[in-house]
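Under the UniProt record's numbering, residues 1 to 308 are what the sequence shown spells out, in order.
Think of the CB as a built atom: it goes at the ideal place given N, C-alpha and C, for glycine as much as any other residue.
Just so we're clear, the structure is a prediction, and the values are computed from it rather than from any experiment.
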Amino acid sequence: MTLLEVIKDASLPEVKDESSSSLVEPLIGWPISQTDAEIIDINKKFLTQLKAKLKNSNNLDKGEFISSLNSYLENIEGKLGIVIGVDSSRSGYTRILIDKLGVFIGKDVASLVLDENVSLEIWEMVRALIVNSIIEHSCYSNLVTKYFLTPSKDAYNSMVTMKKKCECQALLAIEKASDRNLKRKNLLMAKEASIMLMMAYDGFSVSDICLHYLIASSNINDVMLSPSFRKLNDKELINLIHYLAKWLKKYERFPQAGPCPKEACDWVPKLEDVIKCLGLVLDENFSSLVLHPQFHEELRSMKDWLVV
Numbered sequence: 001m002t003l004l005e006v007i008k009d010a011s012l013p014e015v016k017d018e019s020s021s022s023l024v025e026p027l028i029g030w031p032i033s034q035t036d037a038e039i040i041d042i043n044k045k046f047l048t049q050l051k052a053k054l055k056n057s058n059n060l061d062k063g064e065f066i067s068s069l070n071s072y073l074e075n076i077e078g079k080l081g082i083v084i085g086v087d088s089s090r091s092g093y094t095r096i097l098i099d100k101l102g103v104f105i106g107k108d109v110a111s112l113v114l115d116e117n118v119s120l121e122i123w124e125m126v127r128a129l130i131v132n133s134i135i136e137h138s139c140y141s142n143l144v145t146k147y148f149l150t151p152s153k154d155a156y157n158s159m160v161t162m163k164k165k166c167e168c169q170a171l172l173a174i175e176k177a178s179d180r181n182l183k184r185k186n187l188l189m190a191k192e193a194s195i196m197l198m199m200a201y202d203g204f205s206v207s208d209i210c211l212h213y214l215i216a217s218s219n220i221n222d223v224m225l226s227p228s229f230r231k232l233n234d235k236e237l238i239n240l241i242h243y244l245a246k247w248l249k250k251y252e253r254f255p256q257a258g259p260c261p262k263e264a265c266d267w268v269p270k271l272e273d274v275i276k277c278l279g280l281v282l283d284e285n286f287s288s289l290v291l292h293p294q295f296h297e298e299l300r301s302m303k304d305w306l307v308v
């Protein structure tokens, strides 16, 4: 075989066998190493086991989940022939394993592990997955949405801080709007800001106010929001729809409210943001939501905004 033929063969992948369960298809002339193959096999087996356990019990016990995760990571450690050198009884043992071995966690495994950590409210593990770049950015909006729709007790204090910040901004805007010494243009701008900030503060819970930032963010688009909404449970979806209904009522009550150029208003959802978000929620989840009486109540409250 000539050198040209060797290079050509090595650069062309084999025809993919759809019946194969392998996560990686080797190139001709470039075989997968034994260690890589074993790591892939560990990921496949753990993914299958975790899916089976979640299917049978919906949510694992926290201790059982951590034990399974530790065993999986220890298997990877053994195959790599390295020693982390940390006692398994030590606090933060699992986090340390993730820090050291996270790069070997498969994408599908990481997504499932993230979901279960969120369900069990193991925030230390969630942080480790994010800090080590183990989960993809597409997971973030789902994580943030769940966090604000069903917040943990530990999150409450930080959310209260955000509401106080919102209150201070609203009061400052109202104070400026009352200043007769301002030029007409600045006075109108201050009044617009005071209306928007007052709307964003009044009648919203601490977790609602944090949710404002997600809905209003220019970094979040439909491609990210749609899959995140699909992962919400019925209670979280109803909470989200109730939150969006509040905004529709606000804009109905204050029709003069509109986009404000003030930087302080960047985190306040515009009417089009709210309508877009509501449309995505209904498009993705209407068939399941229609079975809930509370959903019908929310629809009735928004009847003037919905086109049948």
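Item, Value
"Contact check, Asn70 vs Ser89, beta carbons under 8 Å", "no"
"Assigned exposure category for Val274 - 16 Cβ within 10 Å defines buried", "buried"
"Sufficient close CB pairs (3 or more, under 8 Å) joining the stretch 256 to 274 to the stretch 190 to 210", "yes"
"Neighbour-count burial assignment, Asn239, 16 or more Cβ in a 10 Å radius", "buried"
"Buried or exposed by the 16-neighbour rule on C-beta atoms within 10 Å, applied to Met1", "Note on Met1: pLDDT 43, under 50, position unreliable in the model; no value is reported."
"Inter-residue Cα distance where the pair is Leu188 and Leu182", "9 Å"
"Unbroken stretches of the alpha helix (DSSP H), 4 residues or longer, contained in the stretch 111 to 137", "123 to 131"
"contact_flag[the stretch 70 to 80, the stretch 31 to 47] where n(CB pairs < 8 Å) is 3 or more", "yes"
"Where Trp247 falls: helix, strand or coil (DSSP)", "helix"
"Pro116 vs Leu60 beta-carbon contact at 8 Å", "Looking at the sequence shown, residue 116 is not Pro but Glu. The answer is yes: Cβ separation under 8 Å."
"Closest residue to Val131 among Val160, Met159, Asp99 (Cα-Cα distance)", "Asp99"
"Limits of the unbroken alpha helix (DSSP H) element including Pro31", "Neither: Pro31 is in no alpha helix (DSSP H) and is coded neither H nor E."
"Rounded Cβ spacing between Leu280 and Phe229 (contact assumed at less than 8 Å)", "6 Å"
"Contact under 8 Å by Cβ, Met162 with Ile209", "yes"
"Residue closest to Glu80, alpha-carbon to alpha-carbon, out of Ile135, Val118, Phe104", "A small fix is needed here, since residue 80 is Leu in this sequence, not Glu. When only C-alpha atoms are compared, the closest one is Phe104."
"Rounded Cβ spacing between Phe46 and Val109 (contact assumed at less than 8 Å)", "6 Å"
"Boundaries (first-last residue) of the alpha helix (DSSP H) holding Asp273", "271 to 289"
"Under 8 Å between C-beta atoms of Leu278 and Leu244", "yes"
"Secondary structure of Leu225, DSSP reduced to three states", "helix"
"Inter-residue Cα distance where the pair is Ala177 and Ala190", "5 Å"
"Where Ile220 falls: helix, strand or coil (DSSP)", "coil"
"is_contact[Leu299, chain C] using C-beta, thresh 8 Å", "Protein chains in the displayed structure number just one, and chain C is not present."
"Cβ-based neighbour list, Leu129, same chain, cut-off 6 Å, excluding 5 preceding and 5 following", "Leu114, Ile135"
"Whether Ser217 touches Met159 by CB criterion (8 Å)", "no"
"Limits of the alpha helix (DSSP H) - the one that Phe295 falls within", "293 to 301"
"C-beta contact flag for Lys246 and Phe204 at 8 Å", "yes"
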